[in-house]
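Participant: I have a structure I would like to understand better, so I am pasting it below and will then ask my questions one at a time.
2 protein chains.
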Amino acid sequence: MPVYKAPLRDIRFLMNEVFDFSSHYKTLSNSDLVDADTIDMILEGAADFCENTLSPLYQSGDSEGCHWNNGDVTTPKGYKEAYDQFVQGGWQGLSYPEQYGGQGLPLSLNIIKSEMMGTANWSFTMYPGLSMGCMNTILEFGTEQQKNTYMPHLVAGTWSGTMCLTEPQCGTDLGQVKTKAEPQSNGHYKISGTKIFISAGEHDLTENIVHIVLARLPDAPKGTKGISLFIVPKFLPTEDGQIGERNAVNCGSIEHKMGIKASATAVLNFEEATGFLIGEPNKGLHAMFTFMNTARLGTAVQGVAHAELSFQGALPYARERLSMRALSGKKDPDKVADAIIHHADVRRMLLTQKAIAEGGRAMIYYTAQIADKMSDALAQGDQAKYQELDATLGFYTPILKGFLTEMGFESANQGVQVFGGHGYIKEWGMEQIVRDARIATLYEGTTGVQALDLLGRKVLIGTRGKIIATYTSEILKFCGQHARNKYLRRFVWDLTKICTQWGLLTTRIWLTARKDRDIVSSASVDYLMFSGYAMMAYFWAQQAAVASDKIEKGDGKESIDFYKAKLKVANFYFDRLLPRSQGHAEAMMNPSRGLTSLKSEHFSFDY
Amino acid sequence: MPVYKAPLRDIRFLMNEVFDFSSHYKTLSNSDLVDADTIDMILEGAADFCENTLSPLYQSGDSEGCHWNNGDVTTPKGYKEAYDQFVQGGWQGLSYPEQYGGQGLPLSLNIIKSEMMGTANWSFTMYPGLSMGCMNTILEFGTEQQKNTYMPHLVAGTWSGTMCLTEPQCGTDLGQVKTKAEPQSNGHYKISGTKIFISAGEHDLTENIVHIVLARLPDAPKGTKGISLFIVPKFLPTEDGQIGERNAVNCGSIEHKMGIKASATAVLNFEEATGFLIGEPNKGLHAMFTFMNTARLGTAVQGVAHAELSFQGALPYARERLSMRALSGKKDPDKVADAIIHHADVRRMLLTQKAIAEGGRAMIYYTAQIADKMSDALAQGDQAKYQELDATLGFYTPILKGFLTEMGFESANQGVQVFGGHGYIKEWGMEQIVRDARIATLYEGTTGVQALDLLGRKVLIGTRGKIIATYTSEILKFCGQHARNKYLRRFVWDLTKICTQWGLLTTRIWLTARKDRDIVSSASVDYLMFSGYAMMAYFWAQQAAVASDKIEKGDGKESIDFYKAKLKVANFYFDRLLPRSQGHAEAMMNPSRGLTSLKSEHFSFDY
């Protein structure tokens, strides 16, 4: 059973050596709140909480699952106590305004904390995670009164929140939302409808649950332009902001899922529940989009989390399990067989996990700095800057969400594979990671939805391909700077090639799409995966650049093996994972009619 | 929830149109037993049993699982009744000798029957499946008395069998087996030890269970050369072959697994259990190898089974679920949105499943003919011919087992992906297929073990690469024959290229391996996957050749859409799946030191 250990050395490498978070923080308006000691305290405090409180509940929470009883939901044993500790530690308010009881620290620290928590116990982490969507919505679109009523409780964590979007007939296609909002004479609304797949929709961790609900006003236009947002609390707040009357929102059942079983996924029935409009009428979907990029970044973290946890489980097993002899001769001559870590193919699996976890972490931490700047712009009321930064982040998020969750799932499966048959047995804890990881490519927009967002919206419609030109020229600049570095030569060469190819593919799709609209869909997932492999290559090259620099300068001698390992893993990534981009490149350029010309009724002649 | 429908049109296409089973059967010594009517009766009888008896138990068996109580194991509700029907139908004896009550039909019919049964309900199919290993061993290595005692019951299915190989400390590396066999004065043996992961090791379906156990005699040499085989029945047979005294083999527990939960996986404790030597002392592992290829072929079927079942689940959902509009314009203008089958990316997923299921089925059916010839040679006592055929099959089996189970798992995951978030919910039945499919790359030799068997044993050591030259020249001959067929032009061209590349890669690894032994391990899985993509391409081209021929000749006009669909799916395979071979080609040729040079202790600096 994997026992989580926070990878603080790697986290600090990224924060201090690769991305210079301390300089970055100095550029933010809340820079006075964050110093080296604070960061250390947060990293170590989070590590302690994750290792000693959350990790021990990971497997037991899966075995027990959540319990539904007549509308009430009980989380697994120990979850309530862990959540109380979370609240007492002030963890929920880390990056929320001091005005509402938070600590006002940069969002990136919250993301890093969430990565640790999510790796230790993803199901647990979903409860406070959903509150963030709710808090962001209220902070940005709520009235002063709404903010004053809900934010202090949500920031403290004593209340939690949800996002109620999906209905039985629609998830991605929110234009089909049917839930109704009837205006009342007192200015409130009666909300009626059924929402499904509501994470943290009902549970016993908090006194109150604040639902953000997508619904239609009576006169609303059809489709996506007729959706409004409502605050529908489980208990209506009293005038002094405390728990009042029970509202008519009830949990009809919780889903039986493949994984993340300790996370309650609720069916919520709104039966003329009292709701309060938040933001402008019919602009609800637009409001949702405001936080889509940061929300998707939060889900991208799941790919890193499961790659990391599965690696932490597989590594000690590979060092201990004895089987056969390495082909190049005995490595453990005194033992009955060699530890399987000495087999090249087992190393290939472990290194895949490690390359994804560390490469993905670098991608997350880099984008977390953009998220910091966005929060800052929002706090400063600088909408223009926010929009500009959001457009930048918007290029990264579908790649990170789509690519990292796909790779996280593969990495979790490699962890099972290292264990052989034992990987299939629950007690070892490896198969749970696969089951938990499987949701990540589905929710918060499937991989296909991310791919269409990337290629259709962000690359073609949004920028006519310019975003790729801009990004690859950034990479090529890096290549120019390091062209004469002997450690980096092969990275520079491979990056140069893939940047050229990335641009070429984009142009070819752009030209093809004029006549063949479907190619945007038929090429999309291959384009997303290609982009992911290319982007992660750049992030590995950046890590290699820092490591080679340290080695050359003789800095951090006590870390020399760490830096050498970084170079080796970067090489592994370029040797073994980056080549997959070529299959995607070839596949995506085939005409879409290869997919569209088979009639629906001819997909099978037997059924 | 996927409801199984036997794909009889596709099965008949392969049997009658592609591989001409009727001519093939005429070459076998038992040809008088098999005619068109018999085959039809078997196909339709198996389809009926699978659709109406096994399929309805698929999901309930997973939910309920098996129950262990003080050494006894109860299978899920309905399994005993289904098994009784299976026995009454005479299904277990289909391809076993008439002398023991079987029907003496070719093994291929048994494989095709197993494919249908396994697709409808893999867990159920494992119980009779394990008996086959046991029967084959007794038939080939047992004394007349042993055959007469066990075979009639096993062939009838009233007794079942197991293969007891794995122990807690070893699975792949059977040289580490510790179970002891102490000779007794009466010529019997006392067997003591613990075996794990014993499929069908204990259950309530049959009156008796016949274990084939790997154990060591007191004077046995160390390692693989000191392993003998023993028959250890749960109940000792009386002199007249009926159920006698209970033997000292007990089921200590059953495993809690990720999937195949209706299949009982037993821990068996042998406590001086009475055993009977079968075959020669210390030659047990050699005997096991006799049936390894056919056993692995049986597991390869699982890849096809789960791709097929997941496709059968995803297809109707994709036709019904409405979401967004196709990029090239409305396809269901009267509906609120288009069915998702109109999105090119959803088609990509469905076609991947279909291409794997049908391409894999073709690979299985072709090799099933080799298996027929092997059984025939064995029945005729022609060891030389058997060995020759086994060497031929031995090239296919690691590719089919490794590649098809990996692709079956991917296909099962695509089925979940088509469902979006609903795929993650148990009630839809799609996630179960993923969990069930996950075992297939682990047992009966992991993908890594298959890859080393292919590249190390079969290609390099066994034939110095000649087997690839032989196989690719067969493909190139096909290409020559179809070079001027307008339907096949692109297949011929792509096949020619990949054959050249396959040969080149093999030669390069062969040359590299002289100095760098580890490359055989470091390249192995990429080599296996490359081989799988190349081989499946050939099997798709063969299907396309038949389909194009029928279209040209105007044969089977009522099937014109079927043939056209075959051509489209073949094109899809070459467009979208075959290109992945290029990533594997590039990855495998990197030097092994990229994997081996990182010290075990430097895989992590945090834990």
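Order-wise, the sequence lines are chains F and W.
Residue numbering for the first sequence follows UniProt numbering, starting at 1 and increasing by one per position.
Residue numbering for the second sequence follows UniProt numbering, starting at 1 and increasing by one per position.
Don't be surprised by glycine CBs; every beta carbon is placed ideally from N, CA and C.
Please read these numbers as outputs of a predicted model, since none were measured by experiment.
1. Could you give the distance in angstroms between the alpha-carbon of Ala547/W and the alpha-carbon of Ser23/W?
2. Given a cut-off of 8 Å on the beta-carbon distance, is the pair Asn269/F and Lys234/F in contact?
3. Using only the alpha-carbon positions, how far apart do Phe539/W and Met363/W sit?
4. For the candidate residues Lys180/W, Ala82/W, Lys335/W, whose alpha-carbon lies nearest to that of Asp204/W?
5. In three-state DSSP terms, what is Asn69/W?
6. Measure from the C-beta of Thr446/W to each C-beta in chain F and report whether the shortest distance is under 8 Å.
7. Suppose only complete runs of 3+ residues qualify. What are the beta strand (DSSP E) ranges in the region 119-203 of chain F, listed by chain order?
8. Note down the Cα distance separating Ile254/W from Lys195/W, rounded to an integer number of angstroms.
9. List the residues of chain F that Tyr189/W touches, going by C-beta distances under 8 Å, in chain order.
10. Assuming contact is defined by CB atoms lying nearer than 8 Å, are Asp436/F and Ile260/F in contact in what I supplied?
11. Judging by CA-CA distance, which residue of Ala537/W, His422/W, Ala513/W is the nearest neighbour of Gly360/W?
12. Residues in the region 303-323 of chain F with C-beta within 7 Å of chain W's C-beta atoms, listed in sequence order?
13. Indicate the three-state DSSP secondary structure (helix, strand or coil) for Glu444/W in the structure shown.
14. Using a C-beta cutoff of 8 Å, does Pro579/W count as contacting chain F?
15. What in chain F is Cβ-close to Lys5/W, meaning under 8 Å?
16. DSSP state of Arg325/W, grouped into three classes?
17. Asn136/W and Phe276/W: beta carbons closer than 8 Å?
18. Give the single residue among Ile39/W, Glu51/W, Lys283/W whose Cα lies nearest to the Cα of Leu229/W.
19. So within the region 396-480 of chain W, which uninterrupted alpha helix (DSSP H) runs reach at least 4 residues, ignoring any that extend past its ends?
20. Is it a yes or a no for the region 399-409 of chain W touching the region 46-55 of chain W, going by three-plus beta-carbon pairs under 8 Å?
21. Taking 8 Å as the threshold (C-beta atoms), are Leu217/W and residue 617/W in contact?
22. For chain W, check one thing: does any of its Cβ atoms lie closer than 8 Å to the Cβ of Lys330/F?
23. Taking the beta strand (DSSP E) that Leu595/F falls in, what are its first and last residues?
24. If you draw a straight line from the C-alpha of Thr392/F to the C-alpha of Ile370/F, how long is it?
25. For Gln387/F, decide whether its Cβ has a neighbour in chain W, counting only Cβ atoms nearer than 8 Å.
26. Do we get a CB-CB distance below 8 Å when we pair Gln582/F with the residues of chain W?
27. Are the C-beta atoms of Met258/W and some chain F residue less than 8 Å apart?
28. Assuming Gly313/W and Gly394/W make a contact with CB atoms under 8 Å, what is their CB distance in whole Å?
29. I'd like the span of the alpha helix (DSSP H) that includes Val492/F, first residue to last.
30. Check for me: the beta strand (DSSP E) holding Ser600/W runs from which residue to which?
31. Could you tell me the boundaries of the beta strand (DSSP E) in which Arg246/W lies?
32. Assuming Leu212/W and Ile231/W make a contact with CB atoms under 8 Å, what is their CB distance in whole Å?
33. Closest Cβ-Cβ distance between Asn52/W and chain F: below 8 Å?
34. Count the other CB atoms, across all protein chains shown, that sit within 10 Å of the CB of His67/W; report buried if there are 16 or more and exposed otherwise.
35. Let me make sure I understand the geometry here. Which of Glu431/W, Arg438/W, Asp382/W has the alpha-carbon closest to that of Glu406/W?
36. For Lys373/F, is the classification buried or exposed, using 16 other Cβ atoms within 10 angstroms of its Cβ as the cut-off for buried?
Facilitator: This is what the structure holds:
1. 19 Å
2. no
3. 7 Å
4. Ala82/W
5. strand
6. yes
7. 159-164, 180-183, 189-199
8. 12 Å
9. None at all; the shortest Cβ gap to chain F is about 24 Å.
10. yes
11. Ala537/W
12. Gln312, Leu315, Arg319, Ser323
13. coil
14. yes
15. Asp606, Tyr607
16. coil
17. no
18. Lys283/W
19. 405-418, 430-438, 447-452
20. no
21. With chain W represented from 1 up to 607, any question about residue 617/W goes unanswered, as that position is not in the structure.
22. no
23. Per DSSP, Leu595/F belongs to no beta strand (DSSP E); it is in the alpha helix (DSSP H), 593-596.
24. 8 Å
25. no
26. yes
27. yes
28. With a Cβ gap of about 34 Å, Gly313/W and Gly394/W do not count as contacting.
29. 489-513
30. Careful: Ser600/W lies outside any beta strand (DSSP E) and carries neither H nor E.
31. 243-246
32. The sequence as given places Ile at residue 212/W; Leu does not occur at that position. Confirmed, Cβ separation roughly 6 Å.
33. no
34. exposed
35. Arg438/W
36. buried
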